[in-house]
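>
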Amino acid sequence: MKKGKKLYEGKAKIIYATSDKNLVIQYFKDDATAFNNLKKSTIEGKGVLNNRISEHILSNLTQIGIKNHLVKRLNMREQIIKLVEIIPIEFIVRNVATGSITKRLGIEDGTVLNQPLLEYCLKDDNLGDPLIAEEHILAFDWATKSELEKVKKMILRINDFMIGMFRGVGIKLIDFKLEFGRLKENGKNEVILADEISPDTCRLWDSITDKKLDKDRFRKNLGDLIPAYTEVAKRLGILHEQLNLSAVNVTKLRSVKKRK
Ligand code: UDP
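Numbering (numbering that gives the first Met the number 0), first residue to last: 0 to 259.
1) Closest by CA to LYS233, which one among THR32, GLY169, VAL70?
2) With a Cβ-Cβ cutoff of 9 angstroms, do GLU89 and PHE27 count as a contact?
3) Does DSSP put VAL231 in a helix, in a strand, or in coil?
4) Please identify the residue among ILE80, THR229, HIS55, LEU37 whose C-alpha is closest to the C-alpha of LYS12.
5) Can you grab the Cα-Cα spacing for the pair TYR15 / VAL23, in whole Å?
6) Since PHE175 sits in a beta bridge, which residues does DSSP pair it with?
7) Sort GLY236, ILE237, PHE217, VAL231 by Cα distance to ALA31 and report the nearest one.
8) Can you grab the Cα-Cα spacing for the pair ASN158 / LEU172, in whole Å?
9) For the beta strand (DSSP E) that GLY3 lies in, which residues bound it at each end?
10) Check SER40 in the structure and name its three-state DSSP category.
11) Please determine, among GLU54, LEU116, LEU121, the residue with the shortest C-alpha to C-alpha distance to ILE136.
12) Ignore the nearest five residues each way along the sequence and tell me which others in ILE91's own chain have a CB closer than 6 angstroms to its CB.
13) Rounded to whole angstroms, what is the Cα-Cα separation between LYS38 and ILE65?
14) Work out the CA separation of ILE207 and VAL95 for me, nearest whole Å.
15) Please report the straight-line C-alpha distance between VAL70 and GLY9, rounded to a whole angstrom.
16) Three-state secondary structure (DSSP) at THR32?
17) If the criterion is Cβ atoms closer than 9 angstroms, does the pair LEU130 and ARG103 meet it?
18) Helix, strand or coil for ASN188 per DSSP?
19) If you count every other CB in all the chains shown that lies within 10 Å of the CB of PHE165, and 16 or more means buried, which is it?
20) By DSSP, does VAL83 sit in helix, in strand, or in coil?
21) Which whole-angstrom value is the C-beta distance of ASN67 and LEU192, which I expect to be below 8 angstroms?
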């Protein structure tokens with residue numbers, strides 16, 4: 000499959016066209032941003048780890064019948080995905096209150112919720128991804144009632160599956176963000192899971208020590224982001240050795256050369 004022109008560049012990923020109009024390549028960058036782009040940095044190796052972790056989680060979700068955009072991982076930084084029309088909503092799932100909700104509602108950090116809480120944010124960087132209600136989604140046609148019902152069912156199953164998967168390796172799934180997209184296949188319109196699921200988009204705490212193993216290490220200047228993401232990958236059984244960053248760089252240089 001041939002890699003085509005760049006279609007879109009986001010904060011942490013780039014999307015390239017391919018020779019198949021239904022498929023695109025998702026490239027994981029090392030860039031990290033937080034607080035609506037106010038804090039920025041490049042953390043060598045982050046993209047490689049997110050590519051692997053997201054591939055692992057999405058393929059496991061496929062196994063339990065959650066349709067998603069992943070076709071296959073191509074290399075250290077790229078995967079082939081189905082081209083979808085992204086629904087402009089960030090679906091935030093919370094099992095434990097931390098981050099923005101604690102400030103917004105004055106809830107004590109670490110409060111365990113009786114049941115998963117689903118929040119909706121409009122995907123709009125200029126507006127700072129504002130929190131919205133289901134009524135806004137319907138009023139402004141960001142998604143239909145039937146799409147929302149399907150998405151909500153999928154989200155509960157994804158959350159249950161991921162809580163169990165992480166619990167099995169000594170990690171608490173505190174909260175995470177999901178995105179969904181519309182897929183036209185065989186004349187049918189379907190809503191499927193899209194984007195990525197990784198320590199960039201989840202909060203993951205060690206079950207015993209509550210050590211943060213996610214992007215909060217960057218947001219809160221805790222350092223050691225790569226060791227934390229590596230720990231997640233190792234516990235999930237998808238990485239058996241320390242990531243060889245010099246090898247990553249060689250791959251990066253090679254792929255840059257090839258593209259020229
Ligand atoms: N999240 C994300 N992208 C966003 C906003 C949130 O992946 O643009 C994830 C974040 O990593 C966390 C969860 O969604 O796992 C809830 O984030 P919160 O609203 O607390 O965001 P904060 O403002 O604290 O980063």
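Quick reminder that beta carbons are idealized off the backbone N, C-alpha and C, glycines included.
Quick answer:
1) Of the listed residues, the one whose Cα sits closest to LYS233 is GLY169.
2) No. Outside cutoff.
3) Assignment of VAL231 by DSSP, reduced to helix, strand and coil, places it in the helix class.
4) For LYS12, the nearest C-alpha among the options comes from ILE80.
5) Cα-Cα distance, rounded: 6 angstroms.
6) In the DSSP output, where bridge partners are listed per residue, PHE175 has VAL92, CYS201.
7) The shortest C-alpha separation from ALA31 is found at PHE217.
8) In this structure, the straight-line span from the alpha carbon of ASN158 to that of LEU172 is close to 9 angstroms.
9) Element bounds for GLY3: 2-8.
10) Three-state result, SER40: strand.
11) Of the listed residues, the one whose Cα sits closest to ILE136 is LEU121.
12) Residues of the same chain with a CB within less than 6 angstroms of the CB of ILE91, apart from the 5 flanking positions on each side, are GLU118, LYS176 in chain order.
13) Their backbone Cα atoms lie some 34 angstroms apart in a straight line.
14) Whole-angstrom Cα-Cα distance: 15 angstroms.
15) If you take the alpha carbons of VAL70 and GLY9, they lie about 20 angstroms apart.
16) Looking at THR32 - three-state DSSP - the assignment turns out to be strand.
17) In this structure, LEU130 sits near ARG103, with a CB-CB distance shorter than 9 angstroms.
18) Note: ASN188 maps to strand in three-state DSSP.
19) In summary, PHE165 is buried, with 16 or more beta-carbon neighbours lying within 10 Å of its beta-carbon over all protein chains present.
20) The three-state secondary structure of VAL83, taken from DSSP, is coil.
21) Going by Cβ atoms, the distance from ASN67 to LEU192 rounds to 4 angstroms, so yes, they are a contact pair.
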